[in-house]
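Asker:
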Amino acid sequence: MKALIVDDSQIMRRIIVSVLKKAGVNDISEVNNGQEALDVLKQDKDIGLVLLDWNMPVMTGIETLKHIRTTNKQLPVVMVTTESEKERVVEAIKAGANDYMLKPFNPDDVLEKLRKYLESGGK
Amino acid sequence: MEKISINPFIDAVQEAFDSMVGYPANRIEALPAPSQVHLPDLIGVIGLSGTAQGVVALRFPMTTALAVINAMAGASFDKVDAAVIDGIGELVNIVTGCAKGKLKGHTISISLPTVVSGDICRLSNAKDTVWVEVPFESKLGVFSLVLTLKQVVANRQEVAREGVNSR
Ligand SMILES: [Mg+2]
Chain A
58 MKALIVDDSQ IMRRIIVSVL KKAGVNDISE VNNGQEALDV LKQDKDIGLV LLDWNMPVMT
118 GIETLKHIRT TNKQLPVVMV TTESEKERVV EAIKAGANDY MLKPFNPDDV LEKLRKYLES
178 GGK
Chain B
365 MEKISINPFI DAVQEAFDSM VGYPANRIEA LPAPSQVHLP DLIGVIGLSG TAQGVVALRF
425 PMTTALAVIN AMAGASFDKV DAAVIDGIGE LVNIVTGCAK GKLKGHTISI SLPTVVSGDI
485 CRLSNAKDTV WVEVPFESKL GVFSLVLTLK QVVANRQEVA REGVNSR
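Protein sequence lines correspond, in order, to chains A and B.
Per our numbering, the first sequence starts with residue 58, numbered consecutively.
Per our numbering, the second sequence starts with residue 365, numbered consecutively.
#1: Which bits of chain A does residue 454 of chain B rub up against, with CB to CB less than 7 Å?
#2: 8 Å is my cut-off, CB to CB: does residue 133 of chain A come that close to chain B?
#3: Comparing the CB of residue 450 of chain B with every heavy atom of ligand 1, is any distance shorter than 7 Å?
#4: Quick check: the Cα distance between residue 378 of chain B and residue 458 of chain B, rounded to an integer number of angstroms?
#5: DSSP state of residue 441 of chain B, grouped into three classes?
#6: Quick check: is any heavy atom of ligand 1 less than 7 Å from the C-beta of residue 58 of chain A?
#7: In three-state terms, what does DSSP make of residue 471 of chain B?
#8: Which residues in the same chain have their Cβ closer than 8 Å to the Cβ of residue 130 of chain A, if we skip the five residues on either side of it in sequence?
#9: If I'm right that residue 470 of chain B touches residue 414 of chain B with Cβ under 8 Å, what's the distance once you round it to whole angstroms?
#10: For the stretch 139-165 of chain A, list every residue whose C-beta sits within 7 Å of some C-beta in chain B, in sequence order.
#11: Identify every residue that forms a DSSP beta bridge with residue 405 of chain B.
#12: Looking at the strands, I want to know which residues DSSP matches up with residue 501 of chain B.
#13: With distances taken Cα to Cα, identify the nearest neighbour of residue 140 of chain A among A/104, A/119, A/164, A/172.
#14: How is residue 102 of chain A classed by DSSP in three states: helix, strand or coil?
#15: Work out the CA separation of residue 423 of chain B and residue 538 of chain B for me, nearest whole Å.
#16: Are residue 410 of chain B and residue 475 of chain B closer than 8 Å when you measure CB to CB?
This is the structure:
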């Protein structure tokens, strides 16, 4: 199982990488923004889970999610964001997000939430 | 313009420190005077627009900034480099996003974070904005939350009396 982390903060990516490694996921790609994520997803068909920030330069997470869903309805996409208003959560779920995690988070809680995607092998 | 309580911002700082940094942050009366060897502060800044307008900043002495980011990222950076600066930007982003969710009855957008270093006394002095600095301490050092908001309400008593945030 390969995971893609999309976040403009290198420190946040580092935190998420360590959570994934704790869960036994060692095959991890990281990108800075949504456009880079779309480029990677086009090339790399092994990615089975996307962790997607909302506020990023170039292309936001919600735009990225909408792009992903035009071609891929199956790929698990989990939003990892500070956007906590109900309308935002609803917007993301409507756009096809599988799950929604709020920053600030406790890394152990994230691990717990991600398990179901990791166990299903991203299918 | 509806009045905005600063309490959601204070609560958001405490939540972020509890969960992401792993060390609680508590409010203190005032920041201690700078030591003799005074380094500039590292300040993460985010703009608010929408029904609440202003600036949210977290202002860290360099040593606190380093300790906080090391704790948050499980890292051992020994100087303030691009990664630490990035981390301070993300922390102010997390705090602001979290506070935004607690400000009921508002529709607010936040900018991408910026990080500056220096000795800033006042982040803005625009007309009808109020400037508030809330000092905190944690095991990792002291720091402060700086808010420049239109018509903020400065403390819990006033919030209760004026019933802000109730639409
Ligand atoms: Mg971001």
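For each residue, glycine too, the CB sits at the ideal point set by N, CA and C.
Since we're looking at a predicted model, the values are computed, not measured.
Answerer: The structure says:
#1: In the second sequence, residue 454 of chain B corresponds to position 90, counting from 1. Result: 66, 68, 69.
#2: Counted from its first residue, the first sequence places residue 133 of chain A at position 76. Cβ-Cβ to chain B under 8 Å: no for residue 133 of chain A.
#3: Translated into positions along the second sequence, residue 450 of chain B becomes position 86. Because no heavy atom of ligand 1 lies under 7 Å away, the Cβ of residue 450 of chain B does not count as near it: no.
#4: For the purposes of this step, residue 378 of chain B is identified with residue 14 of the second sequence, where counting begins at 1. For the purposes of this step, residue 458 of chain B is identified with residue 94 of the second sequence, where counting begins at 1. Roughly 11 Å between the two C-alpha positions.
#5: In the second sequence, counting from the first residue as 1, residue 441 of chain B sits at position 77. Of the three classes helix, strand and coil, the one that applies to residue 441 of chain B here is coil, per DSSP.
#6: For the purposes of this step, residue 58 of chain A is identified with residue 1 of the first sequence, where counting begins at 1. It does not: the Cβ of residue 58 of chain A is nowhere closer than 7 Å to a heavy atom of ligand 1.
#7: Residue 471 of chain B sits at position 107 when you count from the first residue of the second sequence. Residue state, collapsed to three classes: coil.
#8: On the first sequence, position 73 is the one that residue 130 of chain A refers to. Excluding positions up to five away in sequence, the list reads 153.
#9: Numbered from 1 along the second sequence, position 106 holds the residue referred to as residue 470 of chain B. Numbered from 1 along the second sequence, position 50 holds the residue referred to as residue 414 of chain B. Between residue 414 of chain B and residue 470 of chain B the Cβ distance is about 7 Å, and since that is below 8 Å, they are a contact.
#10: 139, 140, 141, 142, 160, 161, 162, 163
#11: Here residue 405 of chain B corresponds to residue number 41 of the second sequence, with the count starting at 1. DSSP, once it has assigned bridges, lists B/425, B/482 as partnering residue 405 of chain B.
#12: Translated into positions along the second sequence, residue 501 of chain B becomes position 137. Residue 501 of chain B pairs with B/390, B/506.
#13: Mapped onto the first sequence, residue 140 of chain A falls at position 83. It is A/119 whose Cα lies nearest to the Cα of residue 140 of chain A.
#14: For the purposes of this step, residue 102 of chain A is identified with residue 45 of the first sequence, where counting begins at 1. Correct three-state label for residue 102 of chain A: coil.
#15: Residue 538 of chain B lies beyond the stretch modelled for chain B, which goes from 365 to 531, so this question has no answer here.
#16: For the purposes of this step, residue 410 of chain B is identified with residue 46 of the second sequence, where counting begins at 1. For the purposes of this step, residue 475 of chain B is identified with residue 111 of the second sequence, where counting begins at 1. Closer than 8 Å, so yes.
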